[in-house]
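K.L.:
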Amino acid sequence: MRLSVPLERFPVQRLICPRRAEVSIGVLLVAVLSLPTSHALAQNSGGSAALEETRVVATRVANEQPAATFATPVTQLRYDAEVEIQPRGLPEGQADITVRGSVFEGVGLRVGAASIIDPQTGHYAATLPIDPAALTAPELALDLDHAAKATGATVATLQYQLAPLRDAADIALGLGTDSLNYQSLRWSTVHSGAAGQQWGLALSAARSEGDGTLDNGGHEFERVNLQAQRRTERSQTDLLVARQDQFYGWPGAYTGFATLPETDDTETTLLLGSHRQQLDRGTVALTAFYRRLVDDYDFDRRTQESNAPGSFDHETRAWGLGVEGRQALDGWRLRYSAQYSKDELVRSTDLSNGPFTERSTFNVAVVPGWRGQWHDWQVDIEAGASWASSNRDHNVLQPLGAITLSDATDTSRLSLSYTETSQLPGYTALASRTSGLFGGNPNLGREESRQLTLAYQRALARGEFTISLFQRWDDELVDWTYSTASPFSRQANAVDLDVLGGQILLRQTAGALEWVAGLTLLDKDADYGLATVDASFYALNYAEHRATLALIWAATDRLTLRWDNEYRKQADNSLRTSDNHVYLGAASLVWSATDALDISAIIDNLADEAFEFFPGTPGVGRQASLRLRYQF
Numbered sequence: 000m001r002l003s004v005p006l007e008r009f010p011v012q013r014l015i016c017p018r019r020a021e022v023s024i025g026v027l028l029v030a031v032l033s034l035p036t037s038h039a040l041a042q043n044s045g046g047s048a049a050l051e052e053t054r055v056v057a058t059r060v061a062n063e064q065p066a067a068t069f070a071t072p073v074t075q076l077r078y079d080a081e082v083e084i085q086p087r088g089l090p091e092g093q094a095d096i097t098v099r100g101s102v103f104e105g106v107g108l109r110v111g112a113a114s115i116i117d118p119q120t121g122h123y124a125a126t127l128p129i130d131p132a133a134l135t136a137p138e139l140a141l142d143l144d145h146a147a148k149a150t151g152a153t154v155a156t157l158q159y160q161l162a163p164l165r166d167a168a169d170i171a172l173g174l175g176t177d178s179l180n181y182q183s184l185r186w187s188t189v190h191s192g193a194a195g196q197q198w199g200l201a202l203s204a205a206r207s208e209g210d211g212t213l214d215n216g217g218h219e220f221e222r223v224n225l226q227a228q229r230r231t232e233r234s235q236t237d238l239l240v241a242r243q244d245q246f247y248g249w250p251g252a253y254t255g256f257a258t259l260p261e262t263d264d265t266e267t268t269l270l271l272g273s274h275r276q277q278l279d280r281g282t283v284a285l286t287a288f289y290r291r292l293v294d295d296y297d298f299d300r301r302t303q304e305s306n307a308p309g310s311f312d313h314e315t316r317a318w319g320l321g322v323e324g325r326q327a328l329d330g331w332r333l334r335y336s337a338q339y340s341k342d343e344l345v346r347s348t349d350l351s352n353g354p355f356t357e358r359s360t361f362n363v364a365v366v367p368g369w370r371g372q373w374h375d376w377q378v379d380i381e382a383g384a385s386w387a388s389s390n391r392d393h394n395v396l397q398p399l400g401a402i403t404l405s406d407a408t409d410t411s412r413l414s415l416s417y418t419e420t421s422q423l424p425g426y427t428a429l430a431s432r433t434s435g436l437f438g439g440n441p442n443l444g445r446e447e448s449r450q451l452t453l454a455y456q457r458a459l460a461r462g463e464f465t466i467s468l469f470q471r472w473d474d475e476l477v478d479w480t481y482s483t484a485s486p487f488s489r490q491a492n493a494v495d496l497d498v499l500g501g502q503i504l505l506r507q508t509a510g511a512l513e514w515v516a517g518l519t520l521l522d523k524d525a526d527y528g529l530a531t532v533d534a535s536f537y538a539l540n541y542a543e544h545r546a547t548l549a550l551i552w553a554a555t556d557r558l559t560l561r562w563d564n565e566y567r568k569q570a571d572n573s574l575r576t577s578d579n580h581v582y583l584g585a586a587s588l589v590w591s592a593t594d595a596l597d598i599s600a601i602i603d604n605l606a607d608e609a610f611e612f613f614p615g616t617p618g619v620g621r622q623a624s625l626r627l628r629y630q631f
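Heads up: the sequence shown begins at 0 in numbering that gives the first Met the number 0, then just goes up one per residue.
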């Protein structure tokens, strides 16, 4: 993952009928592609063009390529100081994303102006079938920056943009331990048109297979992307079609019983159209998406499926339209966002106990801001609100606010923010039978969160320093829990959580060495009400202490060492059989043999630790591979 930093060096905080739905979104995407790109949306109101803040990118992790398959958006998040990846086997196979001790559904993934949702379960939210090369580096939005995006997630947002295309082509081949082999190809071309327009086209494809580090831990992945893009000096319009077919096996992946050879086979299709327009004193963006996921999960691959309850076959569809923008006028400014989403549980062998099979939501946030001067300090005050509504749950109006003090050189900032956010549970929690392997609860409702954060940021000569303290109160948060009274079942229960934490991030460059260090401390207090809970799979499955260190050393003009390190102390959990204290690391040595050819030796899990990210689920072992990448 990478950190976005302004040029002045200060870091920024970060349709029920499916056929009719596809046609409607298709018409919308054509309309977006046809938008005028002159000044139709950018009439000059003040006589001067205040361009959107330009950002440069600084590395936050060392390794953006995995050892065991081709890269996905999740790969860039491993070992990040503020984002935690909790994998089941390969992170690229299935992984939950958490921030500041959140559960997996508390982090939204946003492409352009829309959050891409998975209505079945947040476990699949990170299954974004887009080639990372088509995306900008992810920007982590926290506190007010997150709440102002109206994502429908409680804690944080990972923001991606579609990257500008250029003339390029490359092919990568990989061979590794456990019978691994993978290949990827990406080709893009750009042509100039009339009135300064640029038209681009990109195609990428990747496949991977391997046996895994455990028996019944193999995988077969395929991904294909096709992207069309139009750019002008003040706008960018994209149309993306992406598909990913993903089969992976991992013992005890979801049940936590390592004796069960589980498999998960998903097909994900994403159709996305996005337009971003630069105004004279701001920007506006519009994004529409359609997502279809077909899931075939087996808790025991040795049994024969019968297309009946217990087969765990599902299909969901989701589509949405999002808009966001910023506008400045003298000392005032405004940021806003809104998203309408609709989803449908098309079919399921097991999610049949819920009160509904389709849902629509509407989220909007409006945050005015004022900038003034107090003695030698610049003062920024933002105060607004968000509105979250659904046809299946109660609506909620939530306040948002922050005050920031900056010094005269704008290299130090002190901010205090208070935000309220909410989210809705997925169909797996709502519609699973109330008892059994995965026990659902049709009475679960809107989850709400309040957070107070004090943060200090300082730009250094060749880096940056950030420290933050936060208190969060999660109400009616959906967790999956274990009780000794029902040892072969997990249950969806609501929990009230008090979360207290602190984070430190330090990034520095010294000659040929670049390093990023992070430390997160967390403490939680949980109240499950009348529910009998002996262990938690998610809400109380967190690192009390987590320290990371990423190192990139350019030893010569052609040889680079990349080394990620993580030490964690996990909270006690009666179901975990591995040690709570663990060191995890990944390293690669990259040799640029020629200007076109790179050869990389990559190792994940350097110490071959068997740490259980989820209690009872075996950890992935050490993996190594050799990767060749040729650019032409």
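Positions of the beta carbon are idealized from the N, C-alpha and C atoms, including for glycine.
Because the structure is a prediction, the values reported are computed rather than measured.
Below 8 angstroms, how does it come out for the stretch 107–126 and the stretch 61–69: are there three or more Cβ pairs, yes or no?
P.N.:
Segment contact: the stretch 107–126 against the stretch 61–69, fewer than three CB-CB distances shorter than 8 angstroms; contact not assigned.
K.L.:
For R561, which residues in the same chain have their Cβ closer than 6 angstroms to its Cβ, ignoring the five residues on either side in sequence?
P.N.:
Residue numbering aside, residue 561 sits at position 562 when the sequence shown is read from its first letter. If we look at R561 and ignore the five residues flanking it on each side, its Cβ neighbours are A61, N62, I551 and S587.
K.L.:
On the CB-based measure, 16 or more other CB atoms within 10 Å of its CB, does L396 come out buried or exposed?
P.N.:
The residue you call residue 396 lines up with position 397 of the sequence shown. Its Cβ having fewer than 16 others within 10 Å, L396 is exposed.
K.L.:
Curious, which full-length beta strand (DSSP E) runs of at least 3 residues does the stretch 469–531 contain?
P.N.:
489–509 and 512–526
K.L.:
Could you give the first and the last residue of the continuous alpha helix (DSSP H) run that contains L429?
P.N.:
Within the sequence shown, the letter at position 430 stands for residue 429. Its alpha helix (DSSP H) spans residues Y426 to A430.
K.L.:
CB V619 to CB G211, shorter than 9 angstroms?
P.N.:
In the sequence shown, residue 619 corresponds to position 620, counting from 1. In the sequence shown, residue 211 corresponds to position 212, counting from 1. Yes.
K.L.:
Taking the Cβ atom as the reference point for each residue, do T156 and L139 lie within a distance shorter than 9 angstroms?
P.N.:
By one-based count along the sequence shown, residue 156 stands at place 157. By one-based count along the sequence shown, residue 139 stands at place 140. Yes; because the gap between Cβ atoms is below 9 angstroms, this pair is in contact.
K.L.:
With a Cβ-Cβ cutoff of 9 angstroms, do P260 and G353 count as a contact?
P.N.:
Taking the sequence shown and counting its residues from 1, the one referred to as residue 260 is at position 261. Taking the sequence shown and counting its residues from 1, the one referred to as residue 353 is at position 354. Going by C-beta atoms, P260 is not nearer than 9 angstroms to G353.
K.L.:
With C-beta atoms as the reference, is T480 less than 9 angstroms away from D524?
P.N.:
Position 481 of the sequence shown holds residue 480. Position 525 of the sequence shown holds residue 524. Not closer than 9 angstroms, so no.
K.L.:
So, does the stretch 72–90 touch the stretch 109–118, judging by three or more C-beta pairs under 8 angstroms?
P.N.:
Contact between the stretch 72–90 and the stretch 109–118 is absent: fewer than three C-beta pairs spanning the two stretches fall below 8 angstroms.
K.L.:
Taking T427 as the reference, which of G510, D312, V515 and I84 has the closest Cα?
P.N.:
In the sequence shown, residue 427 corresponds to position 428, counting from 1. For T427, the nearest C-alpha among the options comes from D312.
K.L.:
Could you give the DSSP three-state label for T188: helix, strand or coil?
P.N.:
One-based indexing of the sequence shown puts residue 188 at position 189. Strand at T188.
K.L.:
Excluding sequence positions up to five away, which residues of its chain have a Cβ less than 8 angstroms from the Cβ of R557?
P.N.:
As a first step, residue 557 is located in the sequence shown; it is residue number 558 there, counting from the start. Contacts found: W590, S591 and A592.
K.L.:
For R567 and G100, I'd like the C-alpha separation in whole angstroms.
P.N.:
Residue mapping note: residue 567 aligns to position 568 of the sequence shown, counting from 1. Residue mapping note: residue 100 aligns to position 101 of the sequence shown, counting from 1. Computed Cα separation, rounded: 13 angstroms.
K.L.:
Could you tell me which of L141, R206 and P131 sits nearest to G107, measuring between CA atoms?
P.N.:
Stepping through the sequence shown from its first residue, residue 107 is reached at position 108. Among L141, R206 and P131, the Cα nearest to that of G107 belongs to L141.
K.L.:
Going by DSSP, what residues sit across from E219 in a beta bridge?
P.N.:
Against the sequence shown, residue 219 aligns to sequence position 220. Answer is E208 and F246, bridged to E219.
K.L.:
Look up V345 in the DSSP assignment and give the residues it is bridged to.
P.N.:
The residue given as residue 345 occupies position 346 in the sequence shown. Partner(s): none; V345 has no beta bridge.
K.L.:
Please state the DSSP three-state secondary structure of L40.
P.N.:
As a first step, residue 40 must be located in the sequence shown, where it is residue number 41. At L40 the pLDDT is 33, less than 50, meaning the model places this residue with poor confidence and gives no usable figure here.
K.L.:
Applying the 10 Å Cβ sphere with the 16-neighbour rule, what's the burial state of P398?
P.N.:
Sequence index remark: in the sequence shown, residue 398 carries index 399 (1-based). Answer is exposed; the Cβ neighbour count stays below 16.
K.L.:
Indicate whether L627 and L172 have their beta-carbon atoms separated by less than 9 angstroms.
P.N.:
Position 628 of the sequence shown, counting from 1, holds the residue named residue 627. Position 173 of the sequence shown, counting from 1, holds the residue named residue 172. Yes, they are a contact pair.
K.L.:
Check the C-beta distance from S385 over to A227 and give it rounded, since I have them as a contact under 8 angstroms.
P.N.:
The residue given as residue 385 occupies position 386 in the sequence shown. The residue given as residue 227 occupies position 228 in the sequence shown. No, S385 and A227 are not in contact; Cβ-Cβ is about 33 angstroms, not under 8 angstroms.
K.L.:
Please identify the residue among P137, H544, Y159 and Q197 whose C-alpha is closest to the C-alpha of R165.
P.N.:
Counting from one through the sequence shown, the residue named residue 165 turns up at place 166. The shortest Cα separation from R165 among P137, H544, Y159 and Q197 belongs to Q197.
K.L.:
Taking the alpha-carbon of S305 as reference, which of L285, D264, G319 and T348 has the nearest alpha-carbon?
P.N.:
Within the sequence shown, numbered from 1, the residue matching residue 305 stands at position 306. Among L285, D264, G319 and T348, the Cα nearest to that of S305 is on T348.
K.L.:
Is H580 helix, strand or coil when you go by DSSP?
P.N.:
Here residue 580 corresponds to residue number 581 of the sequence shown, with the count starting at 1. If DSSP states are grouped into helix, strand and coil, H580 belongs with the strands.
K.L.:
Compute the Euclidean distance between the alpha carbons of L202 and L270, then round it to the nearest angstrom.
P.N.:
Your numbering for residue 202 matches position 203 in the sequence shown. Your numbering for residue 270 matches position 271 in the sequence shown. For L202 and L270, the distance between alpha carbons rounds to 15 angstroms.
K.L.:
Short of 8 angstroms in beta carbon distance, which residues of its chain neighbour E543, apart from the five on each side in sequence? Order them along the chain.
P.N.:
Taking the sequence shown and counting its residues from 1, the one referred to as residue 543 is at position 544. Excluding positions up to five away in sequence, the list reads L520, L521, D522, K568, Q569 and A570.
K.L.:
In this structure, what does DSSP give as the bridge partners for D264?
P.N.:
Taking the sequence shown and counting its residues from 1, the one referred to as residue 264 is at position 265. BP columns for D264 point to F246 and D295.
K.L.:
Would DSSP call G444 helix, strand or coil?
P.N.:
For the purposes of this step, residue 444 is identified with residue 445 of the sequence shown, where counting begins at 1. Reduced to three states, the DSSP call for G444 is coil.
K.L.:
Once DSSP output is grouped into helix, strand and coil, what is the label at D379?
P.N.:
Within the sequence shown, residue 379 is the residue found at index 380, counting from 1. Note: D379 maps to strand in three-state DSSP.
K.L.:
Tell me, to the nearest whole angstrom, how far the beta carbon of S421 is from that of R412; I am working on the premise that it is less than 8 angstroms.
P.N.:
One-based indexing of the sequence shown puts residue 421 at position 422. One-based indexing of the sequence shown puts residue 412 at position 413. With a Cβ gap of about 28 angstroms, S421 and R412 do not count as contacting.
K.L.:
Any idea what DSSP makes of N366, helix, strand or coil?
P.N.:
Locating residue 366 in the sequence shown gives position 367, counting from the first residue. The question names Asn, yet the displayed sequence has Val at residue 366. DSSP places V366 in strand when its eight states are reduced to three.
K.L.:
Tell me whether V73 sits in a helix, a strand or coil according to DSSP, three-state version.
P.N.:
Within the sequence shown, numbered from 1, the residue matching residue 73 stands at position 74. It is helical.
K.L.:
Would you call the stretch 457–468 and the stretch 379–393 in contact, with 3 or more CB pairs under 8 angstroms?
P.N.:
no
K.L.:
With a Cβ-Cβ cutoff of 9 angstroms, do P250 and L213 count as a contact?
P.N.:
Mapped onto the sequence shown, residue 250 falls at position 251. Mapped onto the sequence shown, residue 213 falls at position 214. The Cβ atoms of P250 and L213 sit closer than 9 angstroms to each other.
K.L.:
Over what stretch of residues does the beta strand (DSSP E) that includes A542 continue unbroken?
P.N.:
Counted from its first residue, the sequence shown places residue 542 at position 543. Looking at the DSSP string, the run of the beta strand (DSSP E) that includes A542 is A542 to A553.
K.L.:
Are T356 and A307 close, meaning C-beta to C-beta below 9 angstroms?
P.N.:
Taking the sequence shown and counting its residues from 1, the one referred to as residue 356 is at position 357. Taking the sequence shown and counting its residues from 1, the one referred to as residue 307 is at position 308. In this structure, A307 does not lie closer than 9 angstroms to T356 by Cβ.
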